[in-house]
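K.L.:
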Amino acid sequence: MNILDTAETEEIGLPYGCKNGTCGTCVGRLLEGDLEFERPQRALKARHRADGYVLTCIGTPVTDCWLAVGAHHQAEMMSTPWK
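Heads up, the sequence shown stops at 703 in the working numbering, and the numbers go up one at a time, no gaps.
1) Mind checking I632: buried by the 16 CB within 10 Å criterion, or exposed?
2) What are the uninterrupted segments assigned as beta strand (DSSP E) that are 3 or more residues long and contained completely in the region 644-668, given in chain order?
3) Flag this pair as yes or no: are the beta carbons of G648 and A688 separated by less than 8 Å?
4) Looking at A695: is its Cβ nearer than 8 Å to the Cβ of P635?
5) Measure from the alpha carbon of D683 to the alpha carbon of each residue in D671, R659, L664, D654, then state which is nearest.
6) Using a Cβ-Cβ cutoff of less than 6 Å, which residues in the same chain neighbour E652 once the five nearest sequence positions on both sides are dropped?
7) Which residues bound the beta strand (DSSP E) around T680?
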C-alpha cells in the first residue's frame, strides 16, 4: 500500500491532489529507507529526485522509512513568483 493510502487508513492527513504522481501536491522528502513507485514520478524533475523528494501517492515502502511531509516541502521544491 502506498504512503498516502496508508496515512488515510490511519486517519493521518497528508496533502494530495491527483493521486497518480503528476501534480506534486503530495511531495515529501525521504529521510531514510527505500521506496518503490507504481509509475514514474512525473511531477518531479531529476534534481528533485536526487535531493530525496518523493511522491507519497505512488510511493510504497520496501523498508522502514522516515519522511518529512507537508506543504512547505512543495514550496521548497517549486519556485513561484509569489514567495
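Quick reminder that beta carbons are idealized off the backbone N, C-alpha and C, glycines included.
P.N.:
Concretely, from the data shown:
1) By the C-beta density criterion, I632 is exposed, having fewer than 16 other C-beta atoms within 10 angstroms.
2) 647-652, 655-657, all fully within the region 644-668.
3) Yes, these two residues count as a Cβ contact at 8 Å.
4) Cβ distance not < 8 Å, so A695 and P635 don't count as in contact.
5) In the sequence as displayed, the identity of residue 683 is Thr instead of Asp. Out of D671, R659, L664, D654, the CA that lies nearest to the CA of T683 is found in D654.
6) Answer for E652: W686, listed in chain order.
7) Per DSSP, T680 belongs to the beta strand (DSSP E) from 679-681.
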